Structures are given as structure tokens and as C-alpha cells.
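Enquirer:
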Amino acid sequence: NIPFELFEEKNLEERGKMVQVLTKYALVTRRPEDSALDVHRLVHYALREWLQQQGRLSQQTKHALAQLLRVFPDHTHQNRSKWRRLLPHTKYALSYRCPEVEGDERSALTWNYAMASHSDG
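For the record, in the sequence shown the residue sitting at position 3 is 3 according to this note's numbering, with numbers rising by one throughout.
1. Evaluate the contact criterion for the stretch 75 to 94 versus the stretch 105 to 112: three or more CB pairs, one atom per stretch, below 8 Å.
2. Would THR90 and LEU57 qualify as a contact pair, given that the criterion is a beta-carbon distance under 8 Å?
3. My output table needs one value for LEU37: the three-state DSSP class, helix, strand or coil.
4. Hey, could you find the ends of the beta strand (DSSP E) ARG31 is sitting in?
5. Determine the burial state of ARG106: buried for a count of at least 16 other Cβ atoms within 10 Å of its Cβ, exposed for fewer.
6. Looking only at its own chain, which residues have a Cβ that is under 6 Å from the Cβ of VAL71, when we skip the five neighbours before and after it?
7. Using a Cβ-Cβ cutoff of less than 6 Å, which residues in the same chain neighbour SER35 once the five nearest sequence positions on both sides are dropped?
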């Protein structure tokens, strides 16, 4: 599932329209109780392959890392529910290796992920 906080669109109306289109074509399933979207594995795979073919996978991965870093809270207990929702997405994004995606943002996100995982036990 993809938490809504990972979407950059601040305008709730625009985000709603975007989600509506994706839902209409059955590319995602909306989970309002979790404030999240579910993306079928096949849709995820097809999108990843398309980005790879277009030569944009590294660019989009770097963008995803920056977005995760922007919304990832500190590892304090008060933020536990938020960072627990983001841990699987962070782990997946960090698993992608390429030279264009290395650097300070990746290091900072790795640190946040490690500290949150450590806090979680």
C-alpha cells in the first residue's frame, strides 16, 4: 500500500482527481481507512519495466528517495505509526542500486530507516 503522504500533490482536490482516474482504470484500490492506495504487483512490475525501458528508472528512484526522506519522521516513539507505514517503502527504494542514486539523500534515508528499525526492535 502507498500512504497518501508520499504523494507530492498538496492540493487535495487534484490528488483526489488523480486517485479517481487510477481507480477508474483499476490500476489501484483506494483504502480510505488507511489513507493509502494498493497497487497490484503486476501494475507495479509493468510500471517499473516501462520506466527502465524509457531510461527513467534511476531518475524516478532518486525522486522517490527524496520524497521518502522529506516525509520520513524522526524515530521517536510518538512518530512510530507513521514511520512504520513508511518502512517497507523505504526498504524497497533503498534496495535499488545505481550510481545516480547514491549520495547524501540516500545516506540520510538509510540512517532514518536504520534508526526507526532499531527503535522498533
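Cβ coordinates follow ideal geometry from the N, Cα and C atoms, glycine included. Quick caveat: nothing in here was measured; it's all calculated off a predicted structure.
Expert: Considering the structure as presented:
1. yes
2. Within the sequence shown, residue 90 is the residue found at index 90, counting from 1. Within the sequence shown, residue 57 is the residue found at index 57, counting from 1. It is not a contact, given that the beta carbons lie outside the stated cut-off.
3. Counting from one through the sequence shown, the residue named residue 37 turns up at place 37. Residue state, collapsed to three classes: strand.
4. Position 31 of the sequence shown, counting from 1, holds the residue named residue 31. Looking at the DSSP string, the run of the beta strand (DSSP E) that includes ARG31 is 28 to 31.
5. For the purposes of this step, residue 106 is identified with residue 106 of the sequence shown, where counting begins at 1. Classification of ARG106: buried, given that the 10 Å Cβ count is 16 or more.
6. For the purposes of this step, residue 71 is taken as the residue at position 71 of the sequence shown. Cβ neighbours of VAL71 beyond the five flanking positions: GLU5.
7. By one-based count along the sequence shown, residue 35 stands at place 35. The answer, listed in chain order, is PHE4.
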